[in-house]
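Engineer: Heads up: the sequence shown begins at 37 in this note's numbering, then just goes up one per residue.
For each residue, glycine too, the CB sits at the ideal point set by N, CA and C.
Bear in mind that the values here come from a model prediction, so they are computed numbers and not experimental data.
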Amino acid sequence: MWPVSVHGFPLLPDEQPVGTVRDSLYDLIPFGPREEKLIGTSPFLRLQKVKQLGFVFRVWPGATNTRYEHSLGCYHLAVKALRALLQRGEDGGLAGISISSVQTLVVAALLHDIGHYPFSHTIEELGYPIVHHEKVGRSIIENGEIATILEQDYHLSPGRVADFIDPPKTKALPPDDELLSHLLSGALDVDKLDYLPRDARACNVPYGGVDVERLLGSLRIHPNVNGLRRIVVTHKGISPLHSLLHARQEMFDNIYWHHTSRAFQVMLMRAVHEALLSGALQTSQLVGLDDASLLLLLAEERMPASSRVLVADLEMRRPYKGVVEISRMAGRLFSRLDALFWNANRRRYVEQLLAAELARVLEMEIADHEVLFDIPRPEKWEMDVWVTFGAHPPVGMAELVTWVQATGLQPDDLARYEQHQRRIRVVVPERLRAPLQARVDDLLLPMLETLVEME
């Protein structure tokens, strides 16, 4: 039997809420007294000033939804998922799962983005020495006011919550934490279940439709998937999960990889990179900033001129324009450029060489920050999902099957689609676009092919 309360609080905070947040997606999100404390901390309130979609609002003005809203949404869906599993009891439900693991999932869902930098994932694309936002989140969770609330009100170790969000490579999570962590980060996690519909609604596009209620209602805990307990879906979850995959593809194609938004992102990335290399900005200063404060900082007189110029363009909505778009079908040129994603310094070096060569040959004034590569992050398309048909599976199928066996959809299908759609662009200020486009075939591409081969 599950206890009525834990440490004087209901097992799930929606049972006896002390308040609600009116949300654009779910209408009302109830929270308990402990969640109210976490929501009121300075690190959590900062998320109200960090946009979920970065510069997408420059294209879709309604896309001003924040990490704050998304974090509340993830928490809400985690509670709903746990509620659905709790009601199943011993029939694929939470029976036998530790109460502390349930509580850890609730808190982790609320805090999973607490360490996020301004403007979505843009700054993280610089790589080292930028620390991943989940590592930053660990420091915030394990220290200060959030750690105090976790210890005193939840009776949870802050380190355990941080491990749930950012699993360490050197040790395994407790078995029940490992099981429930897939609801926060996995093929059918509450993270995607919230941000895809939320982002689609903010942009007023029809791509993010997912039957969240039906998908959550199909969740089960199976006692033996290759010898391990796993969260699976019933056959009723196949259609909404397929919708989730389709929504993700459509949102990347139309929103997340939109050329104007991406141009703004690489401009910001270069502005931050220049400031870091000059010593005017330290990586530690990026922690705790919001969108507006980062732009103000980069506009200060002590920052490099290139950073200040780029930020001025960002503020005045002057995006760099695409000169040429390179697909995977370009073969070696694409793969050599793609490799630059993982080496920001090398990427900057090639960009500067290209700018200098173009300026020399065309006899034009081209600053070394005026030729940039837009290389979208390679996305992972994984579907490690199992489907249960219960006691009466279709003839020819087992009670428990893989996603591929249940649907016929191969993981490679998703990967190939992503590879086909993902393009690399060379972007420049508006004044340079026409003269460079006129020389793409005879000058820009040959020059680029030579430069990316240089060691």
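Rounded C-beta distance between A238 and N101? I'm assuming under 8 Å.
Structural biologist: Sure, about 4 Å apart at Cβ, within 8 Å.
Engineer: Closest to Q88 by C-alpha separation, out of P79, R124, H106, P194, would be which residue?
Structural biologist: Cα-wise, what sits closest to Q88 is H106.
Engineer: Mind checking which residues open and close the beta strand (DSSP E) that includes R256?
Structural biologist: 255–261 is the extent of the beta strand (DSSP E) around R256.
Engineer: Grab me the residues of D149's own chain with a C-beta within less than 6 Å of its C-beta, minus the 5 sequence neighbours each way, in chain order.
Structural biologist: Same-chain partners within the cutoff: R103, S107.
Engineer: Where do the N-terminal and C-terminal ends of the beta strand (DSSP E) with G358 fall, by residue?
Structural biologist: Its beta strand (DSSP E) spans residues 357–362.
Engineer: On the criterion of 16 or more Cβ atoms from any shown chain inside 10 Å, does G173 qualify as buried, or is it exposed?
Structural biologist: It is buried - the Cβ of G173 has at least 16 other Cβ atoms within 10 Å.
Engineer: Using three-state DSSP, classify R522 as helix, strand or coil.
Structural biologist: This structure leaves residue 522 out entirely; the chain is present only between 37 and 491.
Engineer: According to DSSP, is W422 part of a helix, a strand, or is it coil?
Structural biologist: W422: strand per DSSP, three-state reduction.
Engineer: Extract the residue ranges of the alpha helix (DSSP H) inside the stretch 260–345, only unbroken runs of 4 or more that lie entirely within it.
Structural biologist: Correct list: 274–287, 295–314, 319–322, 327–334.
Engineer: Are the CB atoms of K73 and D189 within a distance shorter than 8 Å?
Structural biologist: The answer is yes: Cβ separation under 8 Å.
Engineer: Just to confirm the assignment, what range does the beta strand (DSSP E) spanning I159 have?
Structural biologist: Where I159 is concerned, there is no enclosing beta strand (DSSP E), given that its DSSP letter is neither H nor E.
Engineer: What is the DSSP secondary structure of T140, counted as helix, strand or coil?
Structural biologist: Three-state DSSP puts T140 in a helix.
Engineer: Quick check: T438 and V268, are their CB atoms within less than 8 Å of each other?
Structural biologist: In this structure, V268 does not lie closer than 8 Å to T438 by Cβ.
Engineer: Would you say P340 and M400 are within 8 Å of each other, going by their C-beta atoms?
Structural biologist: The answer is no: Cβ separation not under 8 Å.
Engineer: Does the distance from the CB of P203 to the CB of S217 come in under 8 Å?
Structural biologist: For P203 and S217, yes; Cβs fall inside 8 Å.
Engineer: Does DSSP classify M37 as helix, strand or coil?
Structural biologist: The pLDDT assigned to M37 is 45, lower than 50, so where the model puts this residue is not dependable; a value taken from the coordinates is nonetheless given after this. In this structure, M37 counts as coil in the three-state DSSP scheme.
Engineer: At 4 residues or longer, and completely inside the stretch 93–155: list those alpha helix (DSSP H) runs for me, N to C.
Structural biologist: Runs of the alpha helix (DSSP H) inside the stretch 93–155: 103–124, 135–147.
Engineer: Are there 16 or more other CB atoms within 10 angstroms of the CB of E126, so buried, or fewer, so exposed?
Structural biologist: Label assigned to E126: exposed.
Engineer: For P66, name the three-state secondary structure that DSSP assigns.
Structural biologist: In the structure shown, P66 sits in a strand (DSSP, three-state: E or B).
Engineer: Distance, Cα to Cα, S371 vs R364?
Structural biologist: Roughly 7 Å separates the two Cα atoms.
Engineer: Please report the straight-line C-alpha distance between P53 and L61, rounded to a whole angstrom.
Structural biologist: Roughly 19 Å between the two C-alpha positions.
Engineer: Go to L408, then tell me how far its beta strand (DSSP E) extends in each direction, as first and last residue.
Structural biologist: 408–410 is the span of the beta strand (DSSP E), which, as asked, contains L408.
Engineer: Using the beta-carbon count (16 or more within 10 Å), is A299 buried or exposed?
Structural biologist: With 16 or more Cβ atoms within 10 Å of its Cβ, A299 is classed as buried.
Engineer: State the CB to CB distance for the pair P79 and I176, rounded to an integer number of angstroms; the pair is presumed to be in contact (CB under 8 Å).
Structural biologist: About 5 Å; that satisfies the 8 Å criterion.
Engineer: Mind reading off the beta-carbon distance from L23 to R306? Whole number of angstroms is fine, and I expect it under 8 Å.
Structural biologist: Look at the range of the chain in this structure, 37 to 491, and you will see that residue 23 is not part of it.
Engineer: Apart from the five residues just before and just after L445, which ones in its own chain have a Cβ nearer than 6 Å to its Cβ?
Structural biologist: Nothing meets the Cβ criterion.
Engineer: Rounding to the nearest angstrom, what Cα-Cα distance links S320 and L281 in this structure?
Structural biologist: Distance between the alpha carbons of S320 and L281: 36 Å.
Engineer: Could you spell out where the alpha helix (DSSP H) holding I176 opens and where it closes?
Structural biologist: 169–178 is the extent of the alpha helix (DSSP H) around I176.
Engineer: Terminal residues of the continuous alpha helix (DSSP H) containing L209?
Structural biologist: No alpha helix (DSSP H) contains L209, which DSSP labels as neither H nor E.
Engineer: Using the DSSP secondary-structure output, state which residues sit across from I460 in a beta bridge.
Structural biologist: DSSP output for I460 lists I362 as bridge partner(s).
Engineer: Is DSSP giving K85 helix, strand or coil here?
Structural biologist: K85 falls in the helix class under three-state DSSP.
Engineer: With distances taken Cα to Cα, identify the nearest neighbour of V397 among Q285, L480, R70.
Structural biologist: Minimum Cα distance to V397 is reached at L480.
Engineer: Going by DSSP in three states, L47 sits in which element: helix, strand or coil?
Structural biologist: Coil at L47, not helix or strand.
Engineer: What's the call for G68, buried or exposed, on a 16-neighbour Cβ count within 10 Å?
Structural biologist: G68 is buried by the Cβ-count criterion.
Engineer: By DSSP, does T77 sit in helix, in strand, or in coil?
Structural biologist: It is coil, neither helix nor strand.
Engineer: Looking only at C-alpha atoms, which of D212, L317, D213, G253 sits nearest to E336?
Structural biologist: The option with the nearest alpha carbon to E336 is L317.
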